[in-house]
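Student: Structure below; questions to follow.
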Amino acid sequence: VTLAEDGSIEEAVVALGAVAPTVVRVPDAEAALVGNTADDETLSAVAEAASGVCNPIDDKRGTVAYRKQVAGVLAKRAVLIAIERAEQRNGSK
């Protein structure tokens, strides 16, 4: 995540691992972030996009539905951490 001077997200890359046979980029999540701040609506769009691109397996450790939901939750958390780190780099916080 790269932040603009006004605090909005200028650039973002979202990629997920362990949700498909290979690492998956999430362009819809990236598009939801760019030009916005990390408000509830934006984070919900990130979670929905992340869950939507998943192609996880279904086994004794978790169902497909569970893994998709968790991918969305973890994507939101990762975005918040990335924003916090970007703010620290910029001296905003």
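In our numbering, the protein residues as written are 1112 to 1204.
Even glycine gets a Cβ: it sits at the ideal position worked out from N, Cα and C.
Between the alpha carbons of Val1190 and Gly1163, how many angstroms are there, rounded?
Tutor: Going from the Cα of Val1190 to the Cα of Gly1163 covers about 17 Å.
Student: Report yes if the C-beta of Ala1129 is less than 7 Å from at least one heavy atom of the ligand MG; otherwise report no.
Tutor: You won't find the ligand MG in this model; it holds no ligand whatsoever.
Student: Look at Ala1186 and Ala1142 and say whether their C-beta atoms are less than 8 Å apart.
Tutor: Not in contact: Ala1186 and Ala1142 (Cβ atoms no closer than 8 Å).
Student: Are there 16 or more other CB atoms within 10 angstroms of the CB of Arg1178, so buried, or fewer, so exposed?
Tutor: Buried, by the Cβ-count rule.
Student: May I ask you to report which of helix, strand or coil DSSP gives Ile1069?
Tutor: Residue 1069 lies beyond the range of the chain shown here (1112 to 1204); nothing can be said about it.
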